[in-house]
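*Asks:*
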Amino acid sequence: MKKLIPWSQAYFVSNEKYHLNNAFNSTWISGGLYIKKFENEFCKYIKSNFAITVNNGTSAIHLVYLALNLKKGDEIIIPSFGYLAAANLALQMGLKPVFADVDQNTFCIDVNSIKKKITKKTKLIVAINTYGNVCELKPIIKLAKSKKINVLEDSAESLGSKYYNKNSGTIADIGTFSFQATKTVTTGEGGIVVTKKKNKFKNLLNLYRNHGIKTKRYMHLVPGHNFRLTNLQAAIGYTQLKNFNKIYKSRVKSYNLYKKLLINEKGIKLQQFNHNVKPLVWTMAIVLDKKFYGSRDIIIKKMLKKKIETRNGFYSTNRLSIFKKFHSKDLKNSDYLSKQVICLPLFNGINNFQIKYIVKSLLSLRKS
Ligand SMILES: Cc1ncc(COP(=O)(O)O)c(C=O)c1O
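Quick note on our numbering: the sequence shown kicks off at 20 and runs consecutively.
#1: Roughly how many angstroms separate the alpha carbons of R385 and L307, rounded to a whole number?
#2: Between which residues of its own chain and I193 is the CB-CB distance below 6 angstroms, once the five residues before and five after are set aside?
#3: N371: which of S335, L276 and F333 sits nearest, CA to CA?
#4: Under 7 angstroms from any heavy atom of ligand 1, does the C-beta of S197 make it?
#5: For chain B, is any of its Cβ atoms less than 8 angstroms away from the one on N131?
#6: Taking its Cβ as the centre, do 16 or more other Cβ atoms sit within 10 Å of N337, making it buried, or is it exposed?
#7: Return the CA-CA distance between F100 and K21, expressed in angstroms with no decimal places.
#8: Locate the alpha helix (DSSP H) running through L356, then write down its first and last residues.
#9: Starting from M322 and walking both ways along the alpha helix (DSSP H), at which residues does that stretch end?
#10: Taking all protein chains shown into account, decide if S165 is buried (16 or more other Cβ within 10 angstroms of its Cβ) or exposed.
#11: Mapping DSSP to helix, strand and coil, what is Q290?
#12: Checking the sheet assignment: what are the DSSP bridge partners for V170?
#13: Is D173 near ligand 1, judged by its Cβ being under 7 angstroms from some heavy atom?
#14: Is the beta carbon of N250 less than 8 angstroms from the beta carbon of V32?
#15: Does Y182 come out as helix, strand or coil in the three-state DSSP assignment?
#16: Evaluate the contact criterion for the segment 85-101 versus the segment 220-237: three or more CB pairs, one atom per stretch, below 8 angstroms.
#17: Mark G151 as exposed unless 16 or more other C-beta atoms lie within 10 angstroms of its C-beta, in which case mark it buried.
#18: So what does DSSP say about S45, is it helix, strand or coil?
#19: Just to check, is the beta-carbon of N75 closer than 7 angstroms to a non-hydrogen atom of ligand 1?
#20: Mark D316 as exposed unless 16 or more other C-beta atoms lie within 10 angstroms of its C-beta, in which case mark it buried.
#21: Measure the C-alpha to C-alpha separation of G332 and D93 and round it to an integer number of angstroms.
#22: Verify the contact flag: Y84, CB atom, against every heavy atom of ligand 1, threshold strictly below 7 angstroms.
#23: As a quick exercise: from S335, G256, G209 and A42, pick the residue whose alpha carbon is nearest that of N59.
#24: From this set, I327, M322, F263 and C362, which residue's C-alpha is nearest K63's C-alpha?
#25: So does the segment 349-364 actually touch the segment 118-127, counting three or more Cβ pairs closer than 8 angstroms?
#26: Name the DSSP beta bridge partners of T195, please?
#27: List the whole-angstrom C-beta distance separating G243 from R228, where the pair is believed to meet the contact cut-off of C-beta under 8 angstroms.
#28: Taking contact to mean at least 3 C-beta pairs separated by less than 8 angstroms, is the segment 25-43 in contact with the segment 179-188?
#29: Does DSSP put L11 in a helix, a strand or coil?
#30: CA-CA distance, N75 and Q290?
#31: Go ahead and label L356 buried or exposed: buried means 16 or more other beta carbons lie within 10 angstroms of its beta carbon, across all protein chains shown.
#32: Determine the DSSP secondary structure at N152, reduced to helix, strand or coil.
#33: Could you tell me which whole beta strand (DSSP E) segments of length 3 or greater appear in the segment 44-101?
#34: Apart from the five residues just before and just after Y312, which ones in its own chain have a Cβ nearer than 7 angstroms to its Cβ?
#35: Considering only C-alpha positions, which residue in the set K161, F292 and C127 is nearest to P98?
#36: What does DSSP give as the partner residue(s) for C127 in the beta ladder?
The following block contains the structure:
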């Protein structure tokens, strides 16, 4: 392989440039018509009755925290293995992150661990739909309802995945997505919040996204932020969503090939999906065992020598000093996965030849 195979690569599916030019030529480069078009298209695709764009996936979560009126000292349950935007924001806002363990097979938050962590101060459960999976949400939502706690589905990595035939991000009270460059649909940077509870959240989400201003200029009704996406970005996202079937097919094809080549290989375990989940994977996440020489991090270096960029899984919160106050001994699966997971390249447009080369290279590093 002469050229590096990147772990991820932005891929333009169709006439993004045409719509980007339209937005540019309109001179509406901050707000503009593409914002609503993108939001409408998103609602149509994931079958939600409300969506509001923001400037990234972290802002989407932040906006939800503000709309939920979370206050200093409130507790939020978050998985200890996953992308930790929700946990970082909790620290920033003076909320208390309480970490629950994940399932060792699905990498998603485990309802039994959540049960042990709920207290009277719990205000929110964040279910992160990691790597294209969807959490086992039914028991989580049932539990949350019984305690009058909201559930946020952080679906930044699972656009296009389904749970009991419903779209990821639309199952719980409120869902968030990211459109950062590595994501399944990208606008460079960007995000969106969706909710089926339009009446409850629409006004607050609009207010906090836009400086707390409703209609009257300079009249700040709440201490809001500027979380707005630009019209230029929305034009790109709109085009990608219009062509989502191409993205979907390409990812399914790539995943199926990986699966075929890896499923029976010793020393490798694929991320598992429950029978009720139809995933659209974001990355090809696998767990390595002792059959591989050295640690996972050495494998990453060796793969790079073969011109393949891979990524380690997330660090569990127990391994991060910023969460020291919240470390806990009962996060064993997260701690294990954080040492053993490696993510292989999977992006819109990766080809079969590249996938076969990646698998061959990985297997060559295994003990015979
Ligand atoms: C699960 C998850 N949540 C939140 C984020 C944050 O999104 P962004 O990078 O767009 O702020 C990411 C992204 O990288 C993510 O993977």
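Glycine residues also receive a C-beta, built at the ideal position from the N, C-alpha and C atoms.
*Replies:* So, from the data block:
#1: 10 angstroms
#2: V83, L171 and T214
#3: L276
#4: yes
#5: The structure shown contains no chain B; it is built from a single protein chain.
#6: buried
#7: 35 angstroms
#8: K351 to Q359
#9: R315 to K324
#10: exposed
#11: coil
#12: I144
#13: yes
#14: no
#15: strand
#16: yes
#17: buried
#18: coil
#19: yes
#20: exposed
#21: 29 angstroms
#22: no
#23: G256
#24: F263
#25: yes
#26: D173 and V212
#27: 7 angstroms
#28: no
#29: A query on residue 11 cannot be resolved here, the shown segment of the chain reaching from 20 to 387 and no further.
#30: 26 angstroms
#31: buried
#32: coil
#33: 70-73 and 94-98
#34: L384 and K386
#35: C127
#36: Partner(s): none; C127 has no beta bridge.
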